[in-house]
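What follows is a short report on a single structure.
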Amino acid sequence: MIDSRSWQRRLQWLLLGGLLVVSAGGAGCQVDDARAGGGHAHGAGGHGGHGGSHGGHEGHEGHGPAHSQTLYDSGLELFVEYPPLVVGERVELSAHLSTVDGYEPVNSGTVAVVLTSESAPGERFEIDAPTSDGLYQPVATPEHAGTRHMFVVYRGETGSARFSLGDVEVHESEPAHSPHGEGGEGDISLSKEQQWKIDVATGTVQRDTLQPSIPAQGFVRSAPDAEARLKAPFAGRILAPSGGFPEIGDRIEEGETLAVLAPTVEANALPMLRADLSKAQSERDRLEREGERLETLVEDGAIPEKHLLDTRSELEQARADVQAARERIEQYRSFDRGGRRSAIQLQAPSDGTLVERPVTKGEYVQSGELLAHTLADDRLRLEARIAEANLPKVDRVGGVWFERSDGEVVELDREEERFFARIDRIDPKTRTSSVWFGLPDDYDRLVAGQYHRVHLRTGEPHETLTVPATALIEEKGIWRAYVVQGGESFERRTVEIGMRDGDRVEIIDGLEPGDRIVTRGAYYVKLASATSGVGSHSH
4 MIDSRSWQRR
14 LQWLLLGGLL
24 VVSAGGAGCQ
34 VDDARAGGGH
44 AHGAGGHGGH
54 GGSHGGHEGH
64 EGHGPAHSQT
74 LYDSGLELFV
84 EYPPLVVGER
94 VELSAHLSTV
104 DGYEPVNSGT
114 VAVVLTSESA
124 PGERFEIDAP
134 TSDGLYQPVA
144 TPEHAGTRHM
154 FVVYRGETGS
164 ARFSLGDVEV
174 HESEPAHSPH
184 GEGGEGDISL
194 SKEQQWKIDV
204 ATGTVQRDTL
214 QPSIPAQGFV
224 RSAPDAEARL
234 KAPFAGRILA
244 PSGGFPEIGD
254 RIEEGETLAV
264 LAPTVEANAL
274 PMLRADLSKA
284 QSERDRLERE
294 GERLETLVED
304 GAIPEKHLLD
314 TRSELEQARA
324 DVQAARERIE
334 QYRSFDRGGR
344 RSAIQLQAPS
354 DGTLVERPVT
364 KGEYVQSGEL
374 LAHTLADDRL
384 RLEARIAEAN
394 LPKVDRVGGV
404 WFERSDGEVV
414 ELDREEERFF
424 ARIDRIDPKT
434 RTSSVWFGLP
444 DDYDRLVAGQ
454 YHRVHLRTGE
464 PHETLTVPAT
474 ALIEEKGIWR
484 AYVVQGGESF
494 ERRTVEIGMR
504 DGDRVEIIDG
514 LEPGDRIVTR
524 GAYYVKLASA
534 TSGVGSHSH
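Just add 3 to wherever you are in the sequence shown, counting from 1, and you've got my numbering.
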């Protein structure tokens, strides 16, 4: 028959998504009879039976581990369990080692248990490899009784760590009563093996500087110079390139042939092309003069910088139009020179992704008709639209942050980005005013057209108590965090939160500086809390 404790543990496994397999009827950790001292056998049975007692230590059957501690040193976390130490008795310690950064089990290196005191010689007990992922089980047989200071020393290829467990008592004979280790009644129990499989990580509550923000609507846009449209310079028939037409979605490199045009030349083609060039040059010259005028006004503070930026963008397009007009004239001369007509290789003007190709082989097109449209999706901008009602709250925008659908927080600082502009007018249709940010090229998972609820940093920063946003879980309007009590025990704590800034959240009440909390995987600890209950954590 399966007892209630074992059934409770089984339900916890189901809630955790079947990440570990529970044996059919085991209520406690298995005992490895092949090991002298038996003990805390992980591995095939693993730590998954932590719902029951840790039995099997030679000379201490039924008591389980009397001591457990969680310590940190040199970027490592040690959770160690061990029974009472008795002279001449072999005892097996269970030392779980994890990396603090990434919270991965340590799978190589040596672990030594050291006992020292002024009244007796030092003793050292070492194991040269883990018995399973992250678990070292050195066997100690103390030879000297009395108060001893215990250390656990780790040495590996990437470094070393020294954990002081404080003073321990080595008994002449088995004590009548054994004290309990970390944890207490009502704790949430989750073994190290479970934590590693469900990607749990911990960190400390700390003070940090946060800046208030206001919400806004965010739209990812293509930069004006990110799009390129290839148009037919003359009327004619479309032919396929030697490698065939590129497909929609293909990556295009500058200079790559996208189509071939066999032109139909009109008698007045060259004069018309020269007229187009003259018109493009006139527009370029006008915008150059306008840019010089606006530079002076911006320096004097008479107009917003956005007007100058827009003019410069138009000037770049006008210069491109002049170059294109010259190329069309040269193309005309090349295929009509000496009365001999030849096809024209139409090449991509810039790198990008092909998003439109409206023509096919053999199709006749008119001069100026669109042949291909490419988009350089690594040149993006973020438009943040501020509601009219929030404009009085905006003094100076220092930056913006938003959370993507995958939970990653994107943060932009106006001083660090290559482009920033604020439009000092309200759109009559949306009743919003816009702020623009350039997006770095390495944000490859942001695409034009995306919408995000963004937060514009404004107001005075101030220092406060903070935790990562991933450490908090909302339950019916109440925010909770999970505080680490021991290596395998947690306490649910109700907290009062304040503002959020990026991936940090202000804590007004419920936590203290230095408290160690679950920073990743809190949801799984919540599931474990549904089955832990009072007295379920039985070390």
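For glycine and all other residues, C-beta sits at the position ideal for the given N, C-alpha and C.
Note that the structure is a prediction, hence the values are computed from the model and not measured.
Open item on the list: Is the beta carbon of Pro236 closer than 7 angstroms to that of Leu357?
Closed with: No, Cβ-Cβ distance for Leu357 and Pro236 is not below 7 angstroms.
- [ ] State the beta-bridge partners of Ile332 as determined by DSSP.
- [x] Partner(s): none; Ile332 has no beta bridge.
Open item on the list: Rounding to the nearest angstrom, what Cα-Cα distance links Gly294 and Gly304 in this structure?
Closed with: 15 angstroms
- [ ] Can you grab the Cα-Cα spacing for the pair Gly62 / Pro471, in whole Å?
- [x] For Gly62, the predicted structure reports a pLDDT of 37, less than 50, and the residue's modelled location is therefore unreliable. A value from the coordinates is still provided. The alpha-carbon atoms of Gly62 and Pro471 are separated by roughly 46 angstroms.
TODO: Keeping to the same chain, check which residues put their C-beta closer than 6 angstroms to that of Asp518; ignore five residues upstream and five downstream.
DONE: Val208 and Val486
Open item on the list: Please report the distance separating the alpha-carbon of Ser281 from that of Leu290.
Closed with: In a straight line, the C-alpha of Ser281 is about 14 angstroms away from that of Leu290.
- [ ] Report all residues from its chain with a CB closer than 6 angstroms to the CB of Asp170; omit the five preceding and five following residues, and keep chain order.
- [x] Thr150 and His152
Task: Cβ neighbours of Ser532 in the same chain (closer than 7 angstroms, five flanking residues each side left out) - done: Answer for Ser532: Ile191 and Arg495, listed in chain order.
Open item on the list: I'd like to know if the segment 423-437 and the segment 389-402 are in contact, where contact means that at least 3 CB-CB pairs between them fall below 8 angstroms.
Closed with: yes
TODO: Provide the residue span of the beta strand (DSSP E) that contains Gln3, from first to last.
DONE: Within the shown structure, residues of the chain are numbered from 4 to 542, placing residue 3 beyond reach of any answer.
Task: Inter-residue Cα distance where the pair is Glu286 and Glu411 - done: 45 angstroms
TODO: Taking Ala328 and Asp279 to be in contact with their CB atoms under 8 angstroms, please state how far apart those CB atoms are, rounded to whole angstroms.
DONE: That belief holds up - the Cβ atoms of Ala328 and Asp279 are roughly 5 angstroms apart, short of 8 angstroms.
Task: Exposure of Ala484, with buried meaning 16 or more beta-carbon neighbours within 10 Å - done: buried
TODO: Quick one: grab the DSSP three-state call for Gln140.
DONE: coil
Task: Contact set for Gly239: own chain, Cβ-Cβ below 6 angstroms, skip 5 residues either direction - done: Leu264, Ala265, Pro266 and Thr267
Task: Under 7 angstroms between C-beta atoms of Val114 and Ala98 - done: yes
Task: Assigned secondary structure, Glu84 (DSSP; H/G/I helix, E/B strand, else coil) - done: strand
- [ ] Would you mind stating whether Val403 and Leu459 have Cβ atoms separated by less than 7 angstroms?
- [x] yes
Open item on the list: So the candidates are Leu261, Gln320, Glu129 and Ser408; which of them puts its Cα closest to the Cα of Ala351?
Closed with: Leu261
Open item on the list: Is the beta carbon of Asp131 closer than 7 angstroms to that of Pro108?
Closed with: no
Open item on the list: By the three-class DSSP mapping on this structure, what secondary structure does Arg425 have?
Closed with: strand
Task: Glu298, DSSP secondary structure in three states - done: helix
TODO: Would you mind sorting Ser492 into buried or exposed? The rule is 16 or more other CB atoms within 10 Å of its CB.
DONE: buried
- [ ] For Ala525, count neighbouring C-beta atoms within 10 Å of its own C-beta (all shown protein chains included) and say buried if the count is 16 or more, exposed if not.
- [x] buried
TODO: Tell me where the alpha helix (DSSP H) around Gln198 begins and ends.
DONE: Lys195 to Lys200
- [ ] Tell me Leu266's beta-bridge partners as DSSP assigns them.
- [x] For the sequence presented, residue 266 should be read as Pro rather than Leu. DSSP lists Gly239 as partners of Pro266.
Open item on the list: Among the candidates His147, Ala148 and Glu129, whose CA atom is the shortest distance from the CA of Tyr139?
Closed with: Glu129
Open item on the list: Is the beta carbon of Thr314 closer than 7 angstroms to that of Leu297?
Closed with: Taking 7 angstroms as the cut-off, the beta carbon of Leu297 is found closer than this to the beta carbon of Thr314.
Task: Simplified DSSP state of Met4, which is helix, strand or coil - done: Annotation note: pLDDT 39 at Met4 (below 50); position unreliable, no value reported.
Open item on the list: To the nearest angstrom, how far is the alpha carbon of Asp427 from that of Leu449?
Closed with: 27 angstroms
Task: Gln350 in three-state terms, based on DSSP - done: strand
TODO: Output the distance between the C-alpha atoms of Val142 and Leu96, rounded to the nearest integer angstrom.
DONE: 6 angstroms
- [ ] Note down the Cα distance separating Thr144 from Trp482, rounded to an integer number of angstroms.
- [x] 48 angstroms
- [ ] Could you tell me which of Leu442, Glu366 and His376 sits nearest to Arg382, measuring between CA atoms?
- [x] The shortest Cα separation from Arg382 among Leu442, Glu366 and His376 belongs to Leu442.
Open item on the list: Once DSSP output is grouped into helix, strand and coil, what is the label at Lys282?
Closed with: helix
Task: Whether Arg523 touches Ala204 by CB criterion (7 angstroms) - done: The Cβ-Cβ distance between Arg523 and Ala204 falls below 7 angstroms.
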